[in-house]
Structures are given as C-alpha cells and as structure tokens.
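Written out below as structure tokens is the structure these notes cover.
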Amino acid sequence: MPRLTPPTHPRHVRQLSTLGERLRAARLRRKLTQAMVAERVGVTLPTIRKLESGDPTSSLATVIRVLQVLGLAQDVDKLAAEDTLGRQLQDRELKRPRRRTATTCPPNSGDKPG
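Under our numbering, the first residue of the sequence shown is numbered 584, with each subsequent residue one higher.
Set out below in structure tokens:
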C-alpha cells in the first residue's frame, strides 16, 4: 500500500521553489553542473533537478549535503535559531504562579486505633 503524503500548502510550495532557485544560483556561481553536484553529494542527477525545482519530496539530508558541497552548510545553523515565539511561550509559563495541590498529613503514628 503506497504511503499517502498530505498536500503541500501553497506558501510552502513557494518557499521550496525559492530555496531551489537559491541552490541553483549558488551552484551556477560556482560554475558547477548539476551532474557534478549530484556526484559530490552522492545522489542521482534527477534528485538534484527535483531539489532545484522545489520538489517537496526532496529530503532534508540531501539539502544539507548540497549546502555542504556549495560551502553553505553554516547557513543550516541559522534555521530556527531565533525562536522568538517559543521563548515567549516559555517565559509566559515561567511567570504563571504555580498552584499548590492540597497535601494530606500522614496519620499520627502515636495514635492507636480504637
């Protein structure tokens, strides 16, 4: 049974397309062919073509290896580095007063039943 992939949101399609264009431009500035990049990355030529066209099935590992070949791997460290929203949510949780739960006192050990 084939694995179903959810449809890609149009905004994400544009982002993938833009990333592919940037990778292509970086490759061309370095005067590398798609075949050269494919060989250095260890993937097939169609994989590089799909990546540069913004195909959503391209793996993140392939993107990182292409960035490495292009000398742009340090850019990966910038992804999600500034998580402003996450930090705000975390700070909000820290500022919230904690509710104390009722604690029960253990029975006095000196008391004798009955």
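All residues carry an ideal CB built from backbone N, CA and C; glycine is no exception.
Residue i classed as buried or exposed, judged by whether at least 16 other C-beta atoms fall within 10 angstroms
i: Thr-588; result: exposed
i: Gly-637; result: buried
i: Gly-654; result: exposed
i: Arg-612; result: exposed
i: Ala-713; result: In the structure as shown, the chain begins at 584 and stops at 697. Residue 713 is therefore absent and cannot be evaluated.
i: Gly-669; result: exposed
i: Arg-597; result: exposed
i: Leu-672; result: exposed
Given residue i as reference, the closest of the options once Cα atoms are compared
i: Gly-625; options: Thr-616, Val-649 and Gly-637; result: Val-649
i: Lys-661; options: Ile-647, Gln-673 and Leu-611; result: Ile-647
i: Ser-641; options: Thr-667, Lys-614, Leu-672 and Leu-602; result: Leu-602
Spatial neighbours of residue i in its chain, beta-carbon cut-off 8 Å, leaving aside the 5 residues before and after
i: Thr-591; result: Leu-599 and Pro-639
i: Glu-656; result: Checking the sequence, you will find Ala at residue 656 rather than Glu. Answer for Ala-656: Ile-647 and Leu-650, listed in chain order.
Backbone secondary structure at residue i - three-state DSSP
i: Gly-637; result: coil
i: Pro-593; result: helix
i: Ala-782; result: The shown model of the chain, from 584 to 697, leaves out residue 782, and the question about it has no answer.
i: Val-620; result: helix
i: Pro-680; result: coil
Cβ separation of residue i and residue j, assumed to be a contact under 8 Å, to the nearest whole Å
i: Ile-699; j: Gln-617; result: Coverage of the chain is limited to positions 584 through 697, which leaves residue 699 absent and any answer about it impossible.
i: Leu-634; j: Thr-645; result: 6 Å
Close-in-space but distant-in-sequence residues of the same chain around residue i (CB under 7 Å, 5 per side omitted)
i: Arg-623; result: Val-652
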